[in-house]
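Engineer:
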Amino acid sequence: MASVQLKQVTKIYDGKVTAIRNADLMIEDREFVVLVGPSGCGKSTLLRMIAGLEEISSGEILIDSKKVNTLPPKDRDIAMVFQNYALYPHMTVFDNMAFGLKLRKFPKNEIRTRVTEAARILDIEQYLDRKPKALSGGQRQRVALGRAIVRKPKVFLFDEPLSNLDAKLRVQMRIEINKLHHKLQTTMIYVTHDQIEAMTMGDKIVILKDGVIQQVDSPLNLYNEPINLFVAGFIGSPAMNFFLGRVEQNGELNFHSKLFNLNLPESLGQKLKDFRDKEVIMGVRPEHIHDISLSSGKSISKPQKIKVDVVEPIGNEIFVYFSDPENNYCLRMAPDILHQAGENIDVAVDLNRVYFFDPRTDKRLA
Ligand code: ADP
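In terms of my numbering, the sequence shown opens at residue 11 and continues consecutively.
(1) When the Cα of M90 is compared with those of R140, L132, V160, which residue comes out closest?
(2) Between the alpha carbons of G110 and T55, how many angstroms are there, rounded?
(3) Using C-beta distances below 7 angstroms, list every residue in its chain close to L63, excluding the 5 sequence neighbours before and after it, in chain order.
(4) In whole angstroms, what is the alpha-carbon distance linking I206 and E336?
(5) Using only the heavy atoms of the ligand ADP, determine whether one of them is closer than 7 angstroms to the beta carbon of D24.
(6) By Cβ distance below 7 angstroms, which residues in the same chain neighbour R40 in space, the five residues on each side in sequence not counted?
(7) If the criterion is Cβ atoms closer than 8 angstroms, does the pair A7 and V44 meet it?
(8) Is it right to say Y95 is buried, meaning 16 or more other beta carbons lie within 10 angstroms of its own, or is it exposed?
(9) Quick check: does the Cβ of S68 come within less than 7 angstroms of any heavy atom belonging to the ligand ADP?
(10) Taking buried to mean at least 16 other C-beta atoms within 10 Å of its own C-beta, is K373 buried or exposed?
(11) Would you kindly check if the distance between the Cβ of L341 and the Cβ of V321 is under 8 angstroms?
(12) When a residue counts only if its C-beta is closer than 5 angstroms to some heavy atom of the ligand ADP, which residues count, in chain order?
(13) Excluding the 5 residues flanking A154 on each side, which residues of the same chain have their C-beta closer than 6 angstroms to its C-beta?
(14) Can you tell which of H100, F244, L375 has its C-alpha closest to the C-alpha of D284?
(15) For the alpha helix (DSSP H) that contains D105, what are its first and last residues?
(16) Out of Y331, R286, K17, E327, which one is the CA nearest neighbour of D346?
(17) Specify, as a first and last residue, the run of the alpha helix (DSSP H) that G148 falls within.
(18) Starting from L254, trace the beta strand (DSSP E) in both directions and tell me its first and last residue.
(19) Using 8 angstroms as the threshold, is the C-beta distance between R157 and N106 below it?
(20) Which residue's Cα is closest to the Cα of V201: H192, G212, H191, K193?
(21) Are the segment 57–74 and the segment 217–229 touching by the rule of at least three beta carbon pairs closer than 8 angstroms?
(22) Is it buried or exposed, S247, if we count other Cβ atoms within 10 angstroms and call 16 or more buried?
(23) Tell me whether the beta-carbon of M36 lies closer than 8 angstroms to the beta-carbon of Q15.
(24) Where A249 and Y365 are concerned, what is the direct C-alpha to C-alpha distance, given to the nearest angstrom?
(25) How long is the line joining the alpha carbons of S309 and V216, rounded to whole angstroms?
(26) Is V290 helix, strand or coil when you go by DSSP?
(27) What is the DSSP secondary structure of R40, reduced to helix, strand or coil?
(28) Decide yes or no for the touch test of the segment 251–267 against the segment 285–293: beta carbon pairs closer than 8 angstroms, at least 3 of them.
(29) Per DSSP, what kind of secondary structure is D213 in: helix, strand or coil?
(30) When burial is assigned at 16 or more other CB atoms within 10 Å of the CB, is K21 buried or exposed?
Structure below.
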């Protein structure tokens, strides 16, 4: 078990591509941390630097408070699970799991004990004599996990391990890995591009964009208190709606955009004081725009007219899409009324749940 710390870590490939810029990050012992962001944001690079598979250009990486910058991967006491499983096709499941221990010259009975124990935890005892080609994708992924578990490493690293599985199996394996974390109580660092996977698995989530850490926080804090436009738009599905508009104050505080004209509560005056007669971006999550016929409450705005473009009945909820010439927007409603495309409806915005962002810096207004 171990903590992992990054201090001002930068990675520049070939003197040209800056894949990670000045990353500072503290991962506590036994924490499950997810690195998430769009393709190319640098998550694999970050993970591979922790593993020792990639040199760092500057900064420090500490495992258990010990600097490991130049330590080769085999001496870092970490185990990595990859997307493509990387199993040896000619070996049985048992031998695949035992391979790393044999290399390290573990005694035979210790190897047997560890492999059997891992197989039991992963529920693959009955497949120990099979070759990987005789296993399903999910079973192969379990073998790959087993090979990591038998090493009893200080830290587990996962690089998009579920990307090759179908949607249903992915959800199952996600739960399995969560259970495994509870059982093993070991530090785990997990890379994914999928925000749902990140939100459901991480104690702590690290959001990356263009090689820069944007925010490090718990899933719910990221959802409720995003630090900037990128995080606000990345976390949540369907994504937060963004309305570009102007703030005006002539007695009342108002926000005007193409679609919505809202009379804002005075309590927002302080937050918006530097934005009078200037452009600002208002963010509203789909669940905070309501069909007026179904909602009430004192934080609800006056009715705003929208024209329904598309209706998506998911079953337990309905997504209603509407637009202005530039953007599409979404509102989420209970499946009580099924609106039709082309219909005009009145909606209201929950003014306690609106976010404002500076369009020049993308930062959320505090
Ligand atoms: P992610 O895992 O988030 O998709 P990566 O860490 O793979 O992102 O890549 C981050 C950036 O570094 C990208 O711009 C990518 O093209 C670049 N990159 C990754 N590996 C190399 C490499 N070996 N040589 C040069 N550039 C690389």
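Glycine included, C-beta positions come from ideal geometry on N, C-alpha and C.
Just so it is clear, the structure is predicted and the values come from calculations on it, not from any experiment.
Structural biologist: Taking the definition as stated:
(1) Taking only the C-alpha atoms, the option nearest M90 is V160.
(2) Taking the straight line from one Cα to the other gives about 24 angstroms.
(3) P83.
(4) Here the alpha carbon of I206 sits roughly 27 angstroms from the alpha carbon of E336.
(5) Yes, the ligand ADP has a heavy atom inside 7 angstroms of this Cβ.
(6) Excluding positions up to five away in sequence, the list reads M11, Q195, T196, T197.
(7) With the chain covering 11 to 376 only, the question about residue 7 has no answer from this structure.
(8) Counting the other CB atoms within 10 Å of its CB gives Y95 a total of 16 or more, which places it among the buried residues.
(9) False, no ligand heavy atom lies under 7 angstroms from that Cβ.
(10) K373 comes out exposed.
(11) No; because the gap between Cβ atoms is not below 8 angstroms, this pair is not in contact.
(12) Output, sorted by chain position: Y23, V27, A29, S49, G50, C51, G52, K53, S54, T55.
(13) So the qualifying residues of the chain are V91, Y95.
(14) Among H100, F244, L375, the Cα nearest to that of D284 belongs to L375.
(15) DSSP places D105 inside the alpha helix (DSSP H), whose first and last residues are 103–113.
(16) Checked all of Y331, R286, K17, E327; the closest Cα to D346 is E327.
(17) Run containing G148: 147–159, per the alpha helix (DSSP H) assignment.
(18) 251–260 is the extent of the beta strand (DSSP E) around L254.
(19) Contact check for R157 against N106 passes: the beta carbons are separated by less than 8 angstroms.
(20) With distances taken between Cα atoms, V201 lies closest to G212.
(21) Fewer than three pairs of CB atoms, one per stretch, sit closer than 8 angstroms, so the segment 57–74 makes no contact with the segment 217–229.
(22) Around the CB of S247, fewer than 16 other CB atoms lie within 10 Å, so the residue is classed as exposed.
(23) Judged by their CB atoms, M36 and Q15 are nearer to each other than the 8 angstroms cut-off.
(24) Looking at the backbone, the Cα of A249 and that of Y365 are separated by about 13 angstroms.
(25) Rounded to the nearest angstrom, the two C-alpha atoms are 32 angstroms apart.
(26) Here V290 sits in strand by DSSP.
(27) Looking at R40 - three-state DSSP - the assignment turns out to be coil, as it is neither helix nor strand.
(28) With a cut-off of 8 angstroms, the segment 285–293 and the segment 251–267 count as touching, because enough Cβ pairs lie within range.
(29) In the three-state reduction of the DSSP assignment, D213 falls in the coil class, being assigned neither a helical nor a strand state.
(30) When all chains shown are included, K21 counts as buried.
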